[in-house]
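Residue numbers (my numbering), protein chains in the order written: chain A, 1 to 263; chain B, 1001 to 1254.
Where is the CB? At the ideal position from N, CA and C, for every residue including glycine.
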């Protein structure tokens, strides 16, 4: 079979073809660039952490957050995003605005290199706390707050304090007829989210003072030292909202379905 | 001859860099496009120009189809694990008992194997408040997925390249689809007073009525039914005064 040959061009024809191809390439790239820009949503400033609808923006990184099995945790100055299906936990420092660490596990809390995570029981780094915590907060290296079951086979739970060195000597801090959804300590005040399984009413307990609130407490966090709580969208809450807790719980009104996690 | 060609190209590149780049691009495009008219040309030679034209169109459509199928199937099939599954079926052996399990009449190991919960991450505990908050209903078992230790150490995973879940005790299996579409295996112990439930399988490897023992492969982890991603929902029920009661599976795991 005869070899296929390209058409023979003289110098001028060749130059016209080269310029033509070059122009076509530039046009294509130009149109592609314009279309790409048009489709790119307006980006949130890269110093912010915002959950808008299901889009979670953490500085320059964007994730999808639809709730379980993913989790958002907060332990100032750390913002912690848990991707349950992978499993992967990504930790950011709000002060340095940097990704601090990625851990290939589901963790319950992180603070200054220390982690709390679940196996058969809950562990603080390599120390077995002797209880299974549904959620936890590292108050200090000698005190881990743990929301755990009162009885293995029932939903009722309670808040206990465990010293990792003496886990058997845990102390009961709080117990109620409601289930406890989350715990945090901000400015030495203890914050606990609660929900009643029967009535579906929501409560927030601040240093043992319990008040009824409109939305379930999914996460308690702080912005510039002031307490806030977030209600993520879920079966009991159709819209994600957040509240300032400076005096009384005050809903932060936004035009969008939005929760802000930093200033 | 080859040396001459290289020298010619180098000279071209030096004297006319823009032209060299554009020429190279044209050659690449031409080399990619040629197979299509070439097929048409061959057919045209033997069967006439009309069939040749049709052959070109068919060839082009076929190549475009294969290209798009390859691109889109990768995008859509990767998350489902299908591609991994196809490649993993070569050389797998799932007939044997997982040797990491000790024979037991009580569910003292987790379905992934290993000691205690060393192979697993718990994404939702028994009666987990976060689960209740999310879905408005109680979580009747534990949701578990394999962790990095499992992928590094599990012989089952090394051999099969699939996340296989195993029976945790001896008994009789039954398989069914639960009310929410989850592929399910249930194992009843020989006394009829304890049963374990494994939900969300992608692929079930046992059949109803089969006798199983601890370590018998039951199926591959999946996300069928009420699931937001691949995981195993593992549940234990015990018969107490003729009533089935849910218990926390973690309390059984040694």
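Interface flag, residue i vs chain A, CB-CB below 7 Å
i: residue 1206/B; result: no
i: residue 1022/B; result: yes
i: residue 1161/B; result: no
i: residue 1213/B; result: no
i: residue 1226/B; result: no
i: residue 1133/B; result: yes
i: residue 1189/B; result: no
i: residue 1138/B; result: yes
i: residue 1106/B; result: no
i: residue 1144/B; result: no
Reference residue i; option with closest CA among the options
i: residue 1215/B; options: 1142/B, 1040/B and 1098/B; result: 1098/B
i: residue 1211/B; options: 1168/B, 1223/B, 1122/B and 1041/B; result: 1168/B
i: residue 1159/B; options: 1055/B, 1144/B, 1135/B and 1096/B; result: 1096/B
i: residue 223/A; options: 115/A, 49/A and 24/A; result: 49/A
i: residue 71/A; options: 249/A, 219/A and 116/A; result: 219/A
i: residue 252/A; options: 235/A, 215/A and 141/A; result: 215/A
i: residue 177/A; options: 29/A, 193/A and 66/A; result: 193/A
i: residue 185/A; options: 227/A, 110/A, 142/A and 54/A; result: 227/A
i: residue 1188/B; options: 1204/B, 1178/B and 1171/B; result: 1171/B
i: residue 1182/B; options: 1022/B, 1052/B and 1233/B; result: 1233/B
i: residue 1220/B; options: 1254/B, 1119/B, 1133/B and 1185/B; result: 1185/B
i: residue 237/A; options: 257/A, 247/A, 250/A and 82/A; result: 257/A
i: residue 1193/B; options: 1062/B, 1107/B, 1064/B and 1046/B; result: 1107/B
i: residue 93/A; options: 85/A, 86/A, 87/A and 81/A; result: 81/A
i: residue 1177/B; options: 1200/B, 1164/B, 1153/B and 1121/B; result: 1200/B
i: residue 168/A; options: 200/A, 132/A, 137/A and 198/A; result: 132/A
i: residue 1251/B; options: 1153/B, 1063/B, 1109/B and 1217/B; result: 1109/B
i: residue 56/A; options: 86/A, 90/A, 164/A and 12/A; result: 90/A
i: residue 1153/B; options: 1065/B, 1180/B and 1112/B; result: 1112/B
i: residue 1231/B; options: 1245/B, 1242/B, 1147/B and 1205/B; result: 1147/B
i: residue 102/A; options: 83/A, 120/A and 118/A; result: 83/A
i: residue 65/A; options: 1155/B, 1134/B and 1238/B; result: 1134/B
i: residue 1100/B; options: 1222/B, 1058/B, 1060/B and 1157/B; result: 1157/B
Interface flag, residue i vs chain B, CB-CB below 7 Å
i: residue 32/A; result: no
i: residue 132/A; result: yes
i: residue 53/A; result: no
i: residue 192/A; result: no
i: residue 84/A; result: yes
i: residue 310/A; result: Outside the shown range of chain A, which is 1 to 263, sits residue 310/A, and nothing can be said about it.
i: residue 234/A; result: yes
i: residue 11/A; result: no
i: residue 22/A; result: yes
i: residue 329/A; result: No answer is possible for residue 329/A: it lies beyond the span of chain A, which begins at 1 and ends at 263.
i: residue 18/A; result: yes
i: residue 42/A; result: Only weak support exists for where residue 42/A lies, its pLDDT of 49 falling under 50; the coordinates are left without a value.
Burial state of residue i (16 or more Cβ within 10 Å)
i: residue 172/A; result: exposed
i: residue 1175/B; result: buried
i: residue 1092/B; result: The predicted model places residue 1092/B with a pLDDT of 46, which falls under 50 and marks its position as unreliable, so this point remains unresolved.
i: residue 1050/B; result: exposed
i: residue 1236/B; result: buried
i: residue 231/A; result: buried
i: residue 1045/B; result: exposed
i: residue 62/A; result: exposed
i: residue 79/A; result: buried
i: residue 1254/B; result: exposed
i: residue 134/A; result: buried
i: residue 1065/B; result: exposed
i: residue 1166/B; result: buried
i: residue 200/A; result: exposed
Chain B contacts made by the segment 236–250 of chain A, where a contact means CB separation under 7 Å: From the segment 236–250 of chain A, only 236 have a Cβ closer than 7 Å to chain B.
Beta carbons nearer than 8 Å to chain B: which residues of the segment 210–229 of chain A have them? 216 and 218
Residues in the segment 1114–1130 of chain B with C-beta within 9 Å of chain A's C-beta atoms, listed in sequence order? 1116, 1117, 1118, 1120, 1121, 1122, 1123, 1124, 1125, 1126, 1127, 1128, 1129 and 1130
What residues from the segment 1228–1253 of chain B come within 8 Å of chain A, judged by C-beta to C-beta, listed N to C? 1228, 1229, 1230, 1231, 1245, 1246, 1247, 1248, 1250, 1251 and 1253
Mind listing which residues of the segment 1147–1172 of chain B have their C-beta closer than 8 Å to chain A's C-betas, in chain order? 1147 and 1148
Just list the beta strand (DSSP E) runs in the segment 1208–1238 of chain B, keeping only unbroken ones of 3 residues or longer that don't cross its boundaries, in chain order. 1217–1220
Can you give me, in chain order, the residues of the segment 93–123 of chain A that have a beta carbon less than 7 Å from any beta carbon in chain B? 104, 105, 106, 118, 119 and 120
Of the residues that make up the segment 65–78 of chain A, which ones have a beta carbon closer than 9 Å to any beta carbon in chain B? 66, 67, 68, 69, 70 and 71
At 3 residues or longer, what runs of the beta strand (DSSP E) sit wholly inside the segment 1128–1160 of chain B? Runs of the beta strand (DSSP E) lying entirely within the segment 1128–1160 of chain B and spanning at least 3 residues, in chain order: 1142–1146.
3-residue-minimum beta strand (DSSP E) runs that sit fully inside the segment 190–249 of chain A, ordered along the chain: Runs of the beta strand (DSSP E) inside the segment 190–249 of chain A: 202–206, 209–213, 219–223, 226–231 and 241–244.
At 3 residues or longer, and completely inside the segment 110–164 of chain A: list those beta strand (DSSP E) runs for me, N to C. 114–118, 122–124, 133–140, 143–149 and 157–162
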